[in-house]
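Q: Residue 362 in numbering that gives the first Met the number 0 sits at position 363 of the first sequence; the count goes up by one each step and never skips. Handing you this structure, nothing more for now.
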Amino acid sequence: MDVFAIFSTRVAEALKALYPELPPEVLARFVVEPPRDAGHGDLSTNAAMVVAKPLGKSPREVATAIVAKFADDKDVASAEVAGPGFINFRLAEPIWFEVLRSIGAEGASYGRSDIGKGAAVNIEYVSANPTGPMHVGHTRGAVFGDALASLMAFTGYNVTREYYINDAGSQVDTLARSAFLRYREALGETVEIPKGFYPGDYLIPVGQKLAEEFAGTLLDKHEAEWLPIVKDRTLAAMLALIKDDLAKLNIHHDVFFSERTLHGQGGDVDLTLAWLRDEGMIYEGRLEPPKGKTPDDWEDREQTLFRASQFGDDVDRPLVKSDGSYTYFAADIAYHRNKYLRGFKHMINVLGADHSGYIKRLEAAVSAVSLGEADIDVRICQLVRLMKNGEPFKMSKRSGDLVTLADVVEEVGVDATRFMLLYRRNDAAMDFDFALVKEQTRDNPVFYVQYAHARTRSVFRIAERELPGFDLSPESLWTADVSLLSSPAELELIRMLAQWPRTVAAAASAHEPHRIAFYLYEAAAAFHGLWAKGKEDTSLRFVNADEPKVTAARLVLVDAVRQVLVNGLGILGVSAPEELS
RNA sequence: GGUCCCGUAGCUCAGCGGAUAGAGCAGUAGCCUUCUAAGCUAUUGGUCGCAGGUUCGAUUCCUGCCGGGAUCACCA
């Protein structure tokens, strides 16, 4: 259960009863939230201030009227008007115990909601070029997209995790030619990898496999014959490589969508452009060179343009290159029309910072192909600077030997990598310090949170040891009389746990998984604090053999903490270890 | 020059239109005979880049500047 949602409803009902003339949009504007200063109470609402102006009344007058409506509410210990017109509620203890019991009842579902109402959402992330192993620069977007997908699924969206394979451009021809050189090498030739080709070692096994499969038969063929064959084999190998890298971070996509399938006679790109033409969204025209920076090879020519500027973009965008082939963007419009026709009215794209200039174009495309029916939210992940002991980490200059995603995971581990990347807003640049991330101290939030979880488990191990015969099964434990929890610190912790559902809901609707990470850190801090109180005063310990009933109640609280940490870490894709070694 | 992102404590960063702007690190002062000190407690530290505007109320929204970063037809 979510006390904030419950009181939001009750306040709304009070307002409706008092002022039936209030329009729904005004009613939708107030919030019930924890006050910034805990001294102000448990819940706080700005309802009176939001509503006062349309009513032509003073905020405090409205607030007083609302407060009166709660006089008989058994869950409210006190309600007062404060400051400019806030209403601060202090809740009666029983409702906190109810919240606590609901955590046990809901278990892994605690915090789940139906905000999404089953709506289909397509989340496209990673979409790295299939020309080699995943680079470290892809890591942030990969982790962000994956956590966001889990978060949306947790709040009732029907999520599809999608990867767009850019396998149609000239770069994959270059890739195939590079692999062909490795094939000749595997057949015994000594080859030089010329400049402009992909020099990485990862193509060596591809060449060897080609040699095994075809022996020398490809050597006699013209490029036009062998290129499609080699390209197929190479792309398949690259995709396997990429899936393997992603699996190291526990990332799995539902759909791998190939750009190539959009091209060709009568393909999606053709169809989409024909459709856009019918709708009058395409014309032949000229573009101005970008202001203040004319490219050296700028050529003023008439080209086929999409009316992106009608949909909020700065300029219209070309769809056909000077050699007659489609631009990347033309295919991307077709791709997003394809998404829309597959039933997605909500799309999220996770892109790197170097694509920030692409956002408006993409929004224009989605708006155009869906005739305004679908929306897209483009989330940009800013650059990650690798550091070691406060110094920028030098990447090798030799191309083909850049720092890979696999290197990072091997160096710092999945959990630390994921948590650290999610412990930042996605749109802020960040430093990623290898030394710090590996450190197991409070400086490192992932260990701090995992340690809290391990401690909840350790309490149960101790209870088993010190209270033999005590039934610790959930069915029995959760029937304990939790009203025996009486210390302020214990109630404080329950209040913290009560905020979990609204935290999840807010994070999901803002598309901001980092809020989950910050919440977990705070919840862990509250738990560590309570733990330490037992150090100073043994009567406050969780396990106390002389007080079995109090112990049972406290174990319920500890188990609730465990549950919330497990649910939260689950969304982030970070493990919740039984103990730290 | 256009567009986008960032600017909050010495450092790294949270902050959902609300009340006296918060954490961690660093600094200072404490806490280990028993639930993991991988931790806890207290404390120092701020013209929220600057200037306007919107309103009952702005760190938050809008505009303009100033810094830092990314990007800028025909690459993908």
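Backbone N, C-alpha and C define an ideal beta-carbon position, used for all residues, glycine too. Quick caveat: nothing in here was measured; it's all calculated off a predicted structure.
1. Helix, strand or coil: how does DSSP classify Pro-33 here?
2. Buried or exposed for Leu-261, please, with buried defined as at least 16 other CB atoms from any protein chain shown within 10 angstroms of its CB.
3. If you draw a straight line from the C-alpha of His-335 to the C-alpha of Lys-534, how long is it?
4. Quick one: residues in its chain with C-beta nearer than 6 Å to the C-beta of Leu-421, no 5 flanking neighbours on either side, listed in chain order?
5. For Gly-342 and Thr-159, what's the separation of their Cα atoms in angstroms?
6. Output the boundary residues of the alpha helix (DSSP H) element that contains Val-549.
7. In or out: His-137 buried (at least 16 other Cβ within 10 Å) or exposed?
8. Going by beta-carbon coordinates alone, are Leu-150 and Val-448 separated by less than 9 Å?
9. Checking the sheet assignment: what are the DSSP bridge partners for Phe-305?
10. If we count Cβ pairs, one from each stretch, closer than 8 Å, do we get three or more for the segment 179 to 192 versus the segment 241 to 250?
11. May I have the straight-line CA-CA distance separating Ile-281 from Ala-333, to the nearest angstrom?
12. Look up Phe-256 in the DSSP assignment and say whether it is helix, strand or coil.
13. Go ahead and pull the three-state DSSP assignment for Leu-483.
14. Would you kindly work out how many angstroms separate the C-alpha atoms of Thr-455 and Val-98, rounded to a whole number?
15. What beta strand (DSSP E) runs, 3 residues minimum, are completely inside the segment 21 to 107?
16. Quick check on the DSSP output: what are the complete alpha helix (DSSP H) runs of length 4 or more inside the segment 400 to 429, in order along the chain?
17. Less than 8 Å between C-beta atoms, sequence neighbours within five positions excluded: which residues of the same chain meet that for Asp-113?
18. Which of the three DSSP states, helix, strand or coil, is assigned to Arg-9?
19. For Thr-8, is the classification buried or exposed, using 16 other Cβ atoms within 10 angstroms of its Cβ as the cut-off for buried?
20. Does the count of Cβ pairs from the segment 309 to 323 and the segment 84 to 101 closer than 8 Å reach three?
21. How big is the Cα-Cα spacing for Leu-361 and Trp-297?
22. Which word fits Glu-24, buried or exposed, when buried means at least 16 other C-beta atoms lie within 10 angstroms of its C-beta?
23. Smallest Cα separation from Gln-207: which of Arg-183, Ala-223, Phe-196 and Trp-225?
24. DSSP three-state call for Ala-119: helix, strand or coil?
25. What would DSSP say about Asp-374, mapped onto helix, strand or coil?
26. Would you tell me roughly how many angstroms separate the C-alpha atoms of Gly-55 and Ala-47, rounded to the nearest one?
27. What number of angstroms, rounded off, separates the C-alpha of Ala-364 from the C-alpha of Val-555?
28. Going by CA-CA distance only, name the one from Leu-492, Gly-569 and Leu-272 that's closest to Asp-331.
29. What's the C-alpha gap between Arg-176 and His-134?
30. Quick check on the DSSP output: the alpha helix (DSSP H) that includes Glu-521 runs from which residue to which?
31. In this structure, how does DSSP classify His-262 when only helix, strand and coil are distinguished?
32. Going residue by residue through the segment 117 to 192, where are the continuous beta strand (DSSP E) segments of at least 3 residues, counting only ones entirely within it?
33. Check the C-beta distance from Glu-258 over to Glu-283 and give it rounded, since I have them as a contact under 8 Å.
34. Looking only at its chain, what residues have a beta carbon closer than 7 Å to the beta carbon of Glu-32, apart from the 5 residues adjacent to it on each side?
35. Cβ atoms of Gly-38 and Val-61: under 9 Å apart, would you say?
36. Taking the CB atoms as reference points, tell me whether Ala-552 and Val-458 lie closer together than 9 Å.
A: According to the structure shown:
1. For the purposes of this step, residue 33 is taken as residue 34 along the first sequence, with counting starting at 1. Three-state result, Pro-33: coil.
2. If you number the first sequence from 1, residue 261 lands on position 262. Classification of Leu-261: buried, given that the 10 Å Cβ count is 16 or more.
3. In the first sequence, the residue the question calls residue 335 occupies position 336. In the first sequence, the residue the question calls residue 534 occupies position 535. Distance between the alpha carbons of His-335 and Lys-534: 58 Å.
4. By 1-based counting over the first sequence, the position of residue 421 is 422. The answer, listed in chain order, is Ala-146, Pro-512, His-513, Ala-516 and Leu-571.
5. To locate residue 342, count along the first sequence from 1; it is residue 343. To locate residue 159, count along the first sequence from 1; it is residue 160. Rounded to whole angstroms, Gly-342 to Thr-159 spans 11 Å at the Cα level.
6. The residue labelled residue 549 in the question sits at position 550 within the first sequence. That run of the alpha helix (DSSP H) goes 547 to 571.
7. In the first sequence, the residue the question calls residue 137 occupies position 138. The residue in question, His-137, is buried, as its Cβ has 16 or more Cβ neighbours within 10 Å.
8. Position 151 of the first sequence holds residue 150. Position 449 of the first sequence holds residue 448. For Leu-150 and Val-448, no; Cβs fall outside 9 Å.
9. What you label residue 305 is simply residue 306 of the first sequence in a count that begins at 1. The partner list for Phe-305 (beta bridge, DSSP) reads Ile-281 and Arg-316.
10. no
11. On the first sequence, position 282 is the one that residue 281 refers to. On the first sequence, position 334 is the one that residue 333 refers to. Each residue's Cα considered, the two are about 14 Å apart.
12. Your numbering for residue 256 matches position 257 in the first sequence. Reduced to three states, the DSSP call for Phe-256 is strand.
13. Translated into the one-based positions of the first sequence, residue 483 becomes position 484. It is helical.
14. One-based indexing of the first sequence puts residue 455 at position 456. One-based indexing of the first sequence puts residue 98 at position 99. For Thr-455 and Val-98, the distance between alpha carbons rounds to 19 Å.
15. 42 to 44, 75 to 81 and 85 to 90
16. 404 to 411 and 413 to 421
17. The residue labelled residue 113 in the question sits at position 114 within the first sequence. Closer than 8 Å at the Cβ level, and outside the excluded window around Asp-113, lie Thr-154 and Gly-155.
18. Mapped onto the first sequence, residue 9 falls at position 10. In the structure shown, Arg-9 sits in a helix (DSSP, three-state: H, G or I).
19. Position 9 of the first sequence, counting from 1, holds the residue named residue 8. Thr-8 should be labelled exposed.
20. no
21. Taking the first residue of the first sequence as 1, we reach residue 361 at position 362. Taking the first residue of the first sequence as 1, we reach residue 297 at position 298. So the two alpha carbons sit approximately 24 Å from each other.
22. Here residue 24 corresponds to residue number 25 of the first sequence, with the count starting at 1. Glu-24 is exposed by the Cβ-count criterion.
23. For the purposes of this step, residue 207 is identified with residue 208 of the first sequence, where counting begins at 1. Ranking Arg-183, Ala-223, Phe-196 and Trp-225 by Cα distance to Gln-207 puts Arg-183 first.
24. Along the first sequence, one-based indexing puts residue 119 at 120. Strand at Ala-119.
25. Position 375 of the first sequence, counted from the first residue, corresponds to residue 374. Reduced to three states, the DSSP call for Asp-374 is strand.
26. Locating residue 55 in the first sequence gives position 56, where the first residue counts as 1. Locating residue 47 in the first sequence gives position 48, where the first residue counts as 1. Distance between the alpha carbons of Gly-55 and Ala-47 is about 12 Å.
27. Counting from one through the first sequence, the residue named residue 364 turns up at place 365. Counting from one through the first sequence, the residue named residue 555 turns up at place 556. The alpha-carbon atoms of Ala-364 and Val-555 are separated by roughly 52 Å.
28. As a working note, residue 331 is residue 332 in the first sequence. The shortest Cα separation from Asp-331 among Leu-492, Gly-569 and Leu-272 belongs to Leu-272.
29. On the first sequence, residue 176 is found 177 positions in, with the first residue counted as 1. On the first sequence, residue 134 is found 135 positions in, with the first residue counted as 1. So the two alpha carbons sit approximately 21 Å from each other.
30. Along the first sequence, read from residue 1 onward, the residue named residue 521 stands at position 522. Segment 513 to 535, the alpha helix (DSSP H) holding Glu-521.
31. Mapped onto the first sequence, residue 262 falls at position 263. Coil, per DSSP.
32. 119 to 123 and 157 to 164
33. Within the first sequence, residue 258 is the residue found at index 259, counting from 1. Within the first sequence, residue 283 is the residue found at index 284, counting from 1. The pair is not a contact, with the Cβ atoms about 25 Å apart (cut-off 8 Å).
34. Taking the first residue of the first sequence as position 1, residue 32 is located at position 33. So the qualifying residues of the chain are Phe-3 and Ser-43.
35. As a first step, residue 61 is located in the first sequence; it is residue number 62 there, counting from the start. As a first step, residue 38 is located in the first sequence; it is residue number 39 there, counting from the start. Going by C-beta atoms, Val-61 is not nearer than 9 Å to Gly-38.
36. By one-based count along the first sequence, residue 552 stands at place 553. By one-based count along the first sequence, residue 458 stands at place 459. Not a contact, by the Cβ cut-off of 9 Å.
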